[in-house]
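So the sequence shown is numbered by this note's numbering: it starts at 8 and just counts up by one.
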Amino acid sequence: MYGWSYVLVVFACIFTFWAQLKVSRAYGRYSRVPNRRGITGAQAAGMIMRANGIDVPVEVIPGKLSDHFDPSANVLRLSSEVANGSTVASVAIAAHEVGHALQHAEDYTPIKIRGAIVPVVNISSKLAWPLIVLGIILSAAGRADGIGDTVLLIGIILFAAVVAFHMVTLPVELNASRRALAQLEAADIVFEDETKGARRVLKAAAMTYLAALAVALAQLIRLLVIRGED
Numbered sequence: 008m009y010g011w012s013y014v015l016v017v018f019a020c021i022f023t024f025w026a027q028l029k030v031s032r033a034y035g036r037y038s039r040v041p042n043r044r045g046i047t048g049a050q051a052a053g054m055i056m057r058a059n060g061i062d063v064p065v066e067v068i069p070g071k072l073s074d075h076f077d078p079s080a081n082v083l084r085l086s087s088e089v090a091n092g093s094t095v096a097s098v099a100i101a102a103h104e105v106g107h108a109l110q111h112a113e114d115y116t117p118i119k120i121r122g123a124i125v126p127v128v129n130i131s132s133k134l135a136w137p138l139i140v141l142g143i144i145l146s147a148a149g150r151a152d153g154i155g156d157t158v159l160l161i162g163i164i165l166f167a168a169v170v171a172f173h174m175v176t177l178p179v180e181l182n183a184s185r186r187a188l189a190q191l192e193a194a195d196i197v198f199e200d201e202t203k204g205a206r207r208v209l210k211a212a213a214m215t216y217l218a219a220l221a222v223a224l225a226q227l228i229r230l231l232v233i234r235g236e237d
């Protein structure tokens with residue numbers, strides 16, 4: 008019951024905690040460091056979009072680190088702290104989200120794949136664990152008809168779709184960060200030493216996506232081992 012696959016899940020969870028702590032520290036540090044040009048996140052987003060010939064509306068939303076690009080509405084949503092802040096962290100995060108807008112405008116293949124599987128993942132993420140738990144319970148009850156194993160298998164397949172989503176998301180996020188750093192420098196938004204700070208913020212954020220993938224993979228492996236033991 009507590010074999011190597013269980014240890015794998017535990018280590019993945021520890022990695023997730025570390026990644027979240029890292030992004031919190033990086034954002035906390037560089038959200039207190041003003042960029043010397045005094046450019047806000049919203050202004051940086053506008054500058055990058057104009058330089059690349061795209062025009063995406065920017066909406067200011069509540070919340071901390073709630074920033075995202077909504078491809079379905081073609082809207083860039085920035086938290087008030089990022090939109091109105093003229094810090095290294097603010098312009099880095101805004102540039103990252105514009106990176107997603109550029110991906111969308113260029114029909115970047117990974118983001119198209121991610122968008123295509125979102126409806127499936129929305130359903131599978133809600134059904135996977137209830138079916139997995141039900142399957143384990145039925146299997147433990149010793150049902151001779153094998154219904155428990157079937158239900159568990161369906162749950163695992165649905166969860167595999169969630170893992171696939173994380174696998175596609177990671178390169179999308181890494182690419183958006185690379186675009187962000189390049190655009191910040193090309194648009195002359197930050198100085199060279201500030202680019203290092205922006206890179207640290209974006210690198211820390213990327214670690215959270217890597218951690219999410221690690222946890223999902225570890226859980227999938229654990230589920231396959233549990234099914235194999237039944």
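Beta carbons are placed, not taken as given, at the ideal position from N, Cα and C, and that holds for glycine.
- Contact between the segment 55 to 66 and the segment 97 to 113 is established, with three or more Cβ pairs separated by less than 8 Å.
- The alpha-carbon separation between residue 234 and residue 82 amounts to approximately 43 Å.
- In the DSSP assignment, residue 40 falls outside any beta strand (DSSP E) and carries neither an H nor an E.
- Taking the Cβ atoms as the reference, residue 85 lies roughly 6 Å from residue 49, within the contact range of under 8 Å.
- DSSP, reduced to helix, strand and coil, places residue 233 within a helical segment of the structure shown.
- Within the DSSP secondary-structure output, residue 84 pairs in a beta bridge with 66, 75.
- Scanning 231, 71, 178, 201 for the CA closest to the CA of residue 213 turns up 178.
- Residue 170 is positioned such that its CB atom lies no closer than 8 Å to that of residue 120.
- The beta carbon of residue 128 is closer than 7 Å to those of 168, 169, 172 in its chain, skipping five residues each way along the sequence.
- Residue pairing from DSSP places residue 94 in a beta bridge opposite 41.
- Two segments are said to touch when three or more pairs of C-beta atoms, one from each, lie closer than 8 Å; by this definition the segment 179 to 196 touches the segment 95 to 102.
- Cα atoms of residue 160 and residue 139: separation of roughly 8 Å, rounded to the nearest angstrom.
- Sequence-distant partners of residue 141 (beyond 5 residues in either direction) whose C-beta falls short of 7 Å from its own C-beta, in its chain, are 158.
- Taking 8 Å as the cut-off, the beta carbon of residue 12 is found no closer than this to the beta carbon of residue 222.
- Excluding its 5 nearest sequence neighbours in each direction, residue 134 has C-beta neighbours in its own chain below 6 Å: 165, listed in chain order.
- Secondary structure note for residue 58: its alpha helix (DSSP H) is the uninterrupted segment 48 to 58.
- In the structure shown, the three-state DSSP call for residue 127 is helix.
- The three-state secondary structure of residue 104, taken from DSSP, is helix.
- For residue 167, the enclosing alpha helix (DSSP H) stretches over residues 154 to 193.
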